[in-house]
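For reference, the structure discussed in these notes is given below.
Here is the structure:
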């Protein structure tokens, strides 16, 4: 969705009676973004769009690198792009929403659709005790005490046989060091390491780093 489409969609939903908060939730934008579009008339909107097209974007200096990642890993998420950038450039300060928009624009400009991997589900035999640990990532939105929505991310390390679960939560994307730390903490919590570690998704988080090992 380009900026004009966003502008029209926001104003259309407002005309249908949706509140600004509901518009933001429905479209997946922050309320700040919705207010920015609401406060512009068509003329100022046109001027703003022209300015954004000529203005150098914050992530332009990393464009070739991000493109190479997207072409090699078409299913890569914006959160993973941000993680890799921050791993490579520790002083980089950029919002996830900025990365998400930049990645979306690159996919559209260079025709790199986000591929999804279909999973086949089938019954599997019960694994022996200590044979396997399953690792998965997840995220959820929660309300803070002052009523604001915030995204919380987690990693879960589950023993396949007993289903005992160890989890860690962060209010930002996991870096490779976070994942390594969570593994070490889980191994200490369980008192050992399973024979096999099975990653359900987001395995890209481990691909580009070799400076540390899990154990």
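In this note's numbering, the protein residues as written are 18 to 232. Even for Gly, the Cβ is constructed at its ideal location relative to N, Cα and C. Note that the coordinates shown come from a computational prediction; the quantities given were computed from them, not determined experimentally.
In the DSSP secondary-structure assignment, residue 186 is bridged to 171. Looking from the CA of residue 93, the closest CA among 172, 108, 130 and 191 belongs to 130.
Under the three-pair Cβ rule at 8 Å, the region 156–173 counts as touching the region 185–203. One alpha carbon belongs to residue 52, the other to residue 212, and they sit about 52 Å apart. Between the region 111–129 and the region 147–157, the count of Cβ pairs shorter than 8 Å is below three; the stretches do not touch. Counting only residues of its own chain and dropping the five nearest sequence neighbours on each side, residue 96 has a CB closer than 6 Å to the CB of 190. DSSP, reduced to helix, strand and coil, places residue 83 within a helical segment of the structure shown. Taking the CA atoms as reference points, residue 20 sits about 19 Å from residue 38. Residue 153: member of the beta strand (DSSP E) spanning 149–160, first to last residue. The beta carbon of residue 132 sits closer than 6 Å to the beta carbons of 91 and 92 from its chain, once the five residues preceding and following it are set aside; these are given in chain order. According to DSSP, residue 216 shares a beta bridge with 152. Under DSSP, residue 53 forms no beta bridge with any residue. When the beta-carbon positions are compared, residue 127 and residue 84 come within less than 8 Å of each other.
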